[in-house]
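> I'd like to ask some things about the structure below.
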């Protein structure tokens, strides 16, 4: 194949290695990541030597991490991201600073120069976003407490990589100290960064959505796919131009498009590319392991890898305990963050000879790559020998939907609200399919004999398997409002024949359901609160029928007022004005009715209430 173009030969090598090794790795129970890493070692310079331009491949493959962060951003609306600000900046900063401090002290105590120790500590404190999110996704742990905590910390690490890289020129020694930049030039660089980030934010709000809408009208699916890839590539290039993290920019773009009507199309189009490029990234990591450094000083390499992972493991395990992560989930959470990460490659390469001598940088890069190789192996060991020790206390394994269901009613969310619906339907002999993603809730319900499937109802594939395509009614009873609206959007687009019965957490949630033309909506505590109000009136001495009629009038007026205020709910000033006017009119109406009732009965109801009040 000497006349074949390079891209054809390389494609044959990469795809052939992946297709042969990854299925074998999964068959042995080692997981796909180990398979990709092993494939990279096999075809790399220290294996068969089929590929030698490892750095170029690694830089290209990093785009898989960029696509992954973009898709993660699409799952997080700005409101939800804002709600995660405390774990991101609180627990994230605690992890990075604590791990960096411990590693710095260990390196300094071992005799390393303080600059070398500091840069090494900062790089080794970072974890592999690619491996961690891949493992969490494969194990359906992203929605658990450990998954959310791990994601928050990983996101902060991506942000922390920026000031770490900015710190490196200040640590440089010799003629290039300070990076050779004047104060004015540094100010211009800062303004450029702010301008680009501001442009991404404004562009996501004002330009990108209309552009995607215009492209979608062409009814050319391949062009929409090309536009989705162009969007991510362009933002990554912008962030690279100003010296920031490409992955962080892609994540920011994803968050800005999380509320877009084209969110699902973007996910569907980009997902295959993300999977392939992530696999290529892991192959490149396997190829980048410098076994020459390992063989030259195997004892020192083993000591460094084991040492930094043990130190991080201790710090992160203690942090997980403080965060309240269930102890059954703590080993996996800790190990995923204890390994080195892909951003460490960038930090050590960017440090340059003024901070890290070339041999030290290569040694540290090898240690990080080796930690990324052995972490999936350690996960297998944890699964086989550590987690079984928790089996007496851990919830039973969750049964995911794997076979097609055919019930006419699908209930999404089986908490206190959904359970009542399910029990009533079951009592009538109706077959139902239930989806819930809380392991503790599922285990408790199974003890009472309920058949509940473990799964995230916002996933289209799980909804299809649950039978939403043939169901007559889809009950949406999940707690989270954003997830509830997401399921409604999915159902209306993909299952238009299913009638939706939705739970509204509050009036704001109800308004958003009305925006989506949902026909059957119930406010979760409205009816029970009315019944409690009737009981209060009866306790004050009102006749039962009077209390009931009063509650029903209030119910009708409240629903009427809700529909009157609905057109104005996005205009807060108008909403408040209409609501106040409606309440005033209702209070005046109720006062007139009380007077009429007093005249009809000849009783002073206010006096009766006062006399019965203890």
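Residue numbers (the numbering used here): 556 to 1169.
Glycine is no exception: its CB is placed at the ideal position from the N, C-alpha and C atoms.
1) With a Cβ-Cβ cutoff of 8 Å, do residue 829 and residue 628 count as a contact?
2) Starting from residue 924, follow its DSSP beta bridges and name the residues at the other end.
3) Taking only runs that begin and end inside the stretch 1062–1132, name each unbroken alpha helix (DSSP H) of 4 or more residues, in chain order.
4) Do the CB positions of residue 966 and residue 977 come within less than 8 Å of each other?
5) Starting from the C-beta of residue 849, find all residues in its chain whose C-beta is less than 8 Å away, skip the five residues before and the five after it, and write them out in chain order.
6) Quick check: the Cα distance between residue 785 and residue 773, rounded to an integer number of angstroms?
7) Decide if residue 732 is buried, meaning its Cβ has at least 16 other Cβ atoms within 10 Å, or exposed.
8) Taking the continuous alpha helix (DSSP H) assigned at residue 966, which residues delimit it?
9) Please confirm whether residue 859 and residue 633 have their CB atoms less than 8 Å apart.
10) In terms of alpha-carbon separation, which member of 592, 606 and 642 lies closest to residue 598?
11) Can you grab the Cα-Cα spacing for the pair residue 897 / residue 854, in whole Å?
12) Would DSSP call residue 1197 helix, strand or coil?
13) What residues match up with residue 709 in a beta bridge as DSSP calls it?
14) Report the three-state DSSP secondary structure of residue 528 (helix, strand or coil).
15) What's the gap between the Cα of residue 673 and the Cα of residue 930?
16) Is it buried or exposed, residue 683, if we count other Cβ atoms within 10 angstroms and call 16 or more buried?
17) Tell me which residue opens and which closes the alpha helix (DSSP H) that residue 1057 is part of.
18) What are the uninterrupted segments assigned as alpha helix (DSSP H) that are 4 or more residues long and contained completely in the stretch 562–643, given in chain order?
19) Which of the three DSSP states is assigned to residue 657 in this structure?
20) Are residue 1029 and residue 1053 close, meaning C-beta to C-beta below 8 Å?
21) Could you give the distance in angstroms between the alpha-carbon of residue 691 and the alpha-carbon of residue 697?
22) How about residue 655 and residue 677: do their beta carbons lie closer than 8 Å?
23) Is it right to say residue 725 is buried, meaning 16 or more other beta carbons lie within 10 angstroms of its own, or is it exposed?
24) By the DSSP assignment, the alpha helix (DSSP H) with residue 1042 in it spans what residues?
25) Quick one: grab the DSSP three-state call for residue 783.
26) Ignoring anything shorter than 4 residues, give me the alpha helix (DSSP H) runs that lie fully in the stretch 800–857, in order along the chain.
27) Near residue 818, what residues of its chain come up, given a Cβ to Cβ distance below 7 Å and the 5 sequence neighbours on each side ignored?
28) Taking the straight line between their C-alpha atoms, what separation do you get for residue 959 and residue 1020?
29) Thinking C-beta only, is residue 934 closer than 8 Å to residue 687?
30) DSSP beta-bridge partners for residue 770?
31) Just the Cα atoms here: how many angstroms apart are residue 617 and residue 1125?
32) Please state if the CB of residue 927 and the CB of residue 646 are separated by a distance shorter than 8 Å.
33) In this structure, does DSSP put residue 1031 in helix, strand or coil?
34) Run the CB neighbour count on residue 569, radius 10 Å, all protein chains shown included, and call it buried at 16 or more, exposed below.
35) Could you tell me the boundaries of the alpha helix (DSSP H) in which residue 669 lies?
36) Quick check: what's the CA-CA separation for residue 705 versus residue 1047?
A quick look at the data gives this:
1) No, they are not a contact pair.
2) None, per the DSSP bridge assignment.
3) Correct list: 1062–1070, 1081–1094 and 1099–1120.
4) In terms of Cβ geometry, residue 966 and residue 977 form a close pair [threshold 8 Å].
5) 856, 921 and 925, listed in sequence order.
6) Their Cα atoms are separated by approximately 17 Å.
7) With a pLDDT of 43 at residue 732, under the threshold of 50, the predicted position of this residue should be treated as unreliable, and no value is reported.
8) Membership of residue 966 in any alpha helix (DSSP H) is not indicated; the residue belongs instead to the beta strand (DSSP E) covering 964–967.
9) It is not a contact, given that the beta carbons lie outside the stated cut-off.
10) Closest by alpha carbon: 606.
11) For residue 897 and residue 854, the distance between alpha carbons rounds to 24 Å.
12) As shown, the chain starts at 556 and ends at 1169. That puts residue 1197 outside it, with no answer to give.
13) DSSP lists no partner for residue 709.
14) One cannot answer for residue 528 here, as it falls past the ends of the chain, which runs 556 to 1169.
15) Separation of residue 673 and residue 930 (C-alpha to C-alpha, rounded to the nearest whole angstrom) is 24 Å.
16) By the 10 Å Cβ count, residue 683 comes out buried.
17) Careful: residue 1057 lies outside any alpha helix (DSSP H), inside the beta strand (DSSP E) at 1054–1059.
18) Taken in chain order, the complete alpha helix (DSSP H) segments of 4 residues or longer contained in the stretch 562–643 are 587–598, 609–629 and 633–638.
19) Here residue 657 carries a helix assignment [DSSP, helix/strand/coil].
20) Yes, these two residues count as a Cβ contact at 8 Å.
21) Near 5 Å, if we compare the C-alpha coordinates of residue 697 and residue 691.
22) Yes, these two residues count as a Cβ contact at 8 Å.
23) Burial call: exposed.
24) Counting along the chain, the unbroken alpha helix (DSSP H) around residue 1042 starts and ends at 1036–1049.
25) Here residue 783 sits in helix by DSSP.
26) Qualifying alpha helix (DSSP H) stretches, in chain order: 801–811, 818–843 and 846–851.
27) Its chain contains 629 and 812 as the residues whose beta carbon lies nearer than 7 Å to that of residue 818, once the 5 sequence neighbours on both sides are disregarded; these appear in chain order.
28) Cα atoms of residue 959 and residue 1020: separation of roughly 5 Å, rounded to the nearest angstrom.
29) Residue 687 is not a Cβ neighbour of residue 934, given a cutoff of 8 Å.
30) Looking at the DSSP output, residue 770 shares a beta bridge with no other residue.
31) A direct Cα-Cα distance of roughly 41 Å separates residue 617 from residue 1125.
32) With a cutoff of 8 Å on beta-carbon distance, residue 646 and residue 927 are scored as not near each other.
33) Per DSSP, reduced to three states, the secondary structure at residue 1031 is strand.
34) By the 10 Å Cβ count, residue 569 comes out buried.
35) That run of the alpha helix (DSSP H) goes 669–679.
36) For residue 705 and residue 1047, the distance between alpha carbons rounds to 33 Å.
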